[in-house]
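Student: First residue of the sequence shown? That's 129 in my numbering, and the numbers climb one at a time after it.
All C-beta atoms in this analysis are idealised placements derived from N, C-alpha and C, irrespective of residue type, glycine included.
Keep in mind that this is a model prediction, so the values were computed, not measured.
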Amino acid sequence: MKARNVMSKDYVGKTVWLRGWVHRKRNLGSKIFIVLRDSSGIIQCLVSKDRVDEETWSEAEKITRESSFIVKGVIREDRRAPGGYELLVEKLRIVGLSDVFPIRGGEGVDYLLDNRHLWIRSTKLTSVMKIKHSVLKAAREYLESNGWWEVTPPILTSSAVEGGATLFEVKYFDRKAYLSQSAQLYLEALIFSLEKVWSLTPSFRAEKSRTRRHLAEYWHLELEAAWYNMHDMMKVAEELVAYIIERVLRERKLELETLKRDTKILEESIHTPYPRITYDKAIEILKNKGMKIEWGDDLGADEERTLTMEFNKPFFVTHFPKQIKAFYMKLDPTRPDVVLGFDMLAPEGYGEIIGGSEREDDYEKLLKRIIEFGLNPDDYKWYLDLRKYGTVPHSGFGLGVERLVMWIAGLDHIRDATPFPRFRERIYP
Ligand code: 4AD
Ligand code: MG
């Protein structure tokens, strides 16, 4: 039995066994209130001295916060109990008595990160992890029912995808290798047989600065499809995000409530299409708002935040200047100073959650771009080969899972969208 399941009219008067951990304890002399927590939620257990045997009473007196225990009792309705039900205890046995728990409430961020392995039990992080579970489940469901093949690209790679600045180098036997920044190049190789592929992998970015939305290791959901142009791909991106949000709103109502998430904008976001603006338009909006930015500058977190105030659902920014985007993006044939690339930005100040583009599919043009970017064509020989043997127009994108979870859960920092966050300064535990 789980706490959540027994909290219903059907169980009133029934005897149940539960096991879990002490979430809270209050000793009132002849009565001890113990709030039991299990993976489903919490339930208040009442131990009355006059209703239990001596052993149970002494266990209840002895038990400390975060101890694990097994309890038997009868369910009854009680308006004052959290959730409206409580367990009237008959028997209680401690399984693992807890030392004084180092987290009592009110501790600072760094202390909680030092104790992440314990803080992970908190209601907040538990709610976020359940939301992340539903996000991943929904994504998989959407992709499965729309004919996308799941594939498993490597994490140890031979070359950069997203530029050398954020590349993690590792010692690989007697050579150098890199931790993957993106599975994209491998996914591109796979579309020649499977056409529509996706993968979920860790991606690594050696970000120089600590921000509220950058992790050194994050989960990357990437799609790549033959025959798709940029607009086809943007349609997939918005359908996928809308589907995920719809499922999370349905499945994770309780968790969103626990996190005090105002879901108004999430509810808007289940409706597609999402607005689209060009980079040119974005610059115009930002200039009109008095921001110091010129055509050709990248959009930073501040610029993105300002843009998000214009929309009440996710939106796309498209056609960026070629110099601020990756080498593989196809140039707009009608205007070769911009790429056929798109970012999806989440509203409410969150900013970029997806980056994607149509890919350069012409051998000579791609080679030229690789050289322009100062990359070594030898490192990309296999990638260039894809343009030699049956090249095909194609597009793809990558979604930062923690970025999406951060927005959906309404978190103010990306660290809480992942159980064990990795930053430049810290890799603990
Ligand atoms: O925009 P990015 O760098 O694009 C790519 O890597 C493409 N190769 C993906 C593709 O087309 N297959 O990264 C994609 C997404 C971003 O939009 C963001 O959501 C997330 O990955 N992301 C990060 N999330 C957390 N921490 C970081 N340091 C991130 N860097 C990127
Ligand atoms: Mg990007």
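Taking 6 Å as the limit between beta carbons, can you name the residues of its chain near P521, skipping five residues before and five after?
Tutor: Here the set comprises D489.
Student: Please determine whether the Cβ atom of H342 lies at a distance below 7 Å from any heavy atom of the ligand 4AD.
Tutor: At least one heavy atom of the ligand 4AD is nearer than 7 Å to the Cβ of H342, so yes.
Student: Can you tell which of V217, V364, T294 has the C-alpha that lies nearest to the C-alpha of E335?
Tutor: The shortest Cα separation from E335 among V217, V364, T294 belongs to T294.
Student: Could you pull the start and end residues of the alpha helix (DSSP H) that R380 belongs to?
Tutor: Taken as a continuous stretch (DSSP letters only), R380 belongs to no alpha helix (DSSP H), as it is neither H nor E.
Student: Judging by CA-CA distance, which residue of K190, S310, F296 is the nearest neighbour of S226?
Tutor: When only C-alpha atoms are compared, the closest one is K190.
Student: Out of L368, F548, Y491, A266, state which residue places its alpha-carbon closest to the alpha-carbon of I481.
Tutor: Nearest option by C-alpha distance: L368.
Student: Any heavy atom of the ligand 4AD closer than 7 Å to the Cβ of I481?
Tutor: I481: yes, Cβ under 7 Å from the ligand 4AD.
Student: Which residue comes first and which comes last in the beta strand (DSSP E) that contains L527?
Tutor: Its beta strand (DSSP E) spans residues 522-528.
Student: Which residue from S196, V364, G157 puts its Cα closest to that of W185?
Tutor: Taking only the C-alpha atoms, the option nearest W185 is G157.
Student: Would you report the Cα separation of S273 and A545, rounded to the nearest angstrom?
Tutor: Those two C-alpha atoms are separated by around 26 Å.
Student: Can you tell me the Cα-Cα spacing of L146 and E187, whole angstroms?
Tutor: So the two alpha carbons sit approximately 16 Å from each other.
Student: Are the region 504-523 and the region 354-362 touching, with three or more C-beta to C-beta distances below 8 Å?
Tutor: At 8 Å Cβ cutoff, the stretches touch.
Student: I'd like the list of long-range same chain contacts for Y270, defined as Cβ closer than 6 Å, with 5 residues on each side in sequence excluded.
Tutor: So the qualifying residues of the chain are L368, Y371.
Student: Using only CA atoms, which one of F501, T406, R463 lies nearest to L435?
Tutor: Minimum Cα distance to L435 is reached at T406.
Student: Is the region 133-144 close to the region 208-221, with three or more CB pairs under 8 Å?
Tutor: The region 133-144 is in contact with the region 208-221.
Student: Between the Cα of H261 and the Cα atoms of F320, P281, I373, which residue gives the shortest distance?
Tutor: Ranking F320, P281, I373 by Cα distance to H261 puts I373 first.
Student: Assign V228 to buried or exposed, taking buried as 16 or more other Cβ atoms, counted over all protein chains shown, within 10 Å of its Cβ.
Tutor: By the 10 Å Cβ count, V228 comes out exposed.
Student: Could you check where the beta strand (DSSP E) with I222 kicks off and where it finishes?
Tutor: Per DSSP, I222 belongs to the beta strand (DSSP E) from 213-224.
Student: Report the residue ranges of all beta strand (DSSP E) runs contained in full by the region 480-557; include only those spanning at least 3 residues, in chain order.
Tutor: Listed in chain order, they are 522-528.
Student: Alpha carbon to alpha carbon, how far is R404 from F501?
Tutor: Roughly 28 Å separates the two Cα atoms.
Student: Using the beta-carbon count (16 or more within 10 Å), is W535 buried or exposed?
Tutor: W535 is buried by the Cβ-count criterion.
Student: Taking 8 Å as the threshold, find out whether the region 414-422 comes into contact with the region 445-455 through three or more Cβ pairs.
Tutor: Counting Cβ pairs under 8 Å, fewer than three are found: no touch.
Student: For the ligand MG, any of its heavy atoms closer than 7 Å to the Cβ of D471?
Tutor: Under cutoff, so the answer is yes.
Student: Considering only residues of the same chain and omitting the five flanking positions on each side of S196, which have a CB-CB separation below 6 Å?
Tutor: Excluding residues within five positions, the ones whose Cβ falls inside 6 Å are W149, V223, G224.
Student: When you compare only the Cα positions, how much space is there between E278 and V289?
Tutor: Using only the alpha carbons, I get a separation of about 20 Å.
Student: Counting C-beta neighbours from all protein chains within 10 Å, is the total for L494 16 or more, i.e. buried, or is it exposed?
Tutor: It is buried - the Cβ of L494 has at least 16 other Cβ atoms within 10 Å.
Student: Answer yes if the region 310-322 comes into contact with the region 338-347, meaning at least three C-beta pairs across the two stretches below 8 Å, and no otherwise.
Tutor: Verdict: no, contact absent.
Student: Check for me: the beta strand (DSSP E) holding L164 runs from which residue to which?
Tutor: It spans 159-166 - the beta strand (DSSP E) in which L164 sits, taken as one unbroken run.
Student: Closer than 8 Å is the cut-off here; do at least three beta carbon pairs connect the region 472-479 with the region 436-452?
Tutor: Yes, the region 472-479 is in contact with the region 436-452.
Student: Only counting the same chain, and skipping five residues up and downstream in sequence, which positions put a Cβ closer than 7 Å to that of T400?
Tutor: Within the same chain, T400 has close Cβ partners E366, E367, A370.
Student: In three-state terms, what does DSSP make of D465?
Tutor: Here D465 sits in strand by DSSP.
Student: Going by beta-carbon coordinates alone, are P330 and W347 separated by less than 8 Å?
Tutor: It is a contact, given that the beta carbons lie within the stated cut-off.
Student: Is any non-hydrogen atom of the ligand 4AD found closer than 7 Å to the C-beta of G477, if you look at the structure I gave you?
Tutor: Because no heavy atom of the ligand 4AD lies under 7 Å away, the Cβ of G477 does not count as near it: no.
Student: Between I542 and the ligand HEM, is there a pair consisting of the residue's CB and a ligand heavy atom that are separated by less than 7 Å?
Tutor: Absence of the ligand HEM from the depicted structure is noted, with the ligand 4AD and the ligand MG being the only ligands included.
Student: Return yes when at least one heavy atom of the ligand 4AD lies under 7 Å from the C-beta of Q309, else no.
Tutor: For the ligand 4AD, at least one heavy atom lies less than 7 Å from the Cβ of Q309.
Student: Which first and last residues belong to the alpha helix (DSSP H) in which A410 is found?
Tutor: Segment 407-416, the alpha helix (DSSP H) holding A410.
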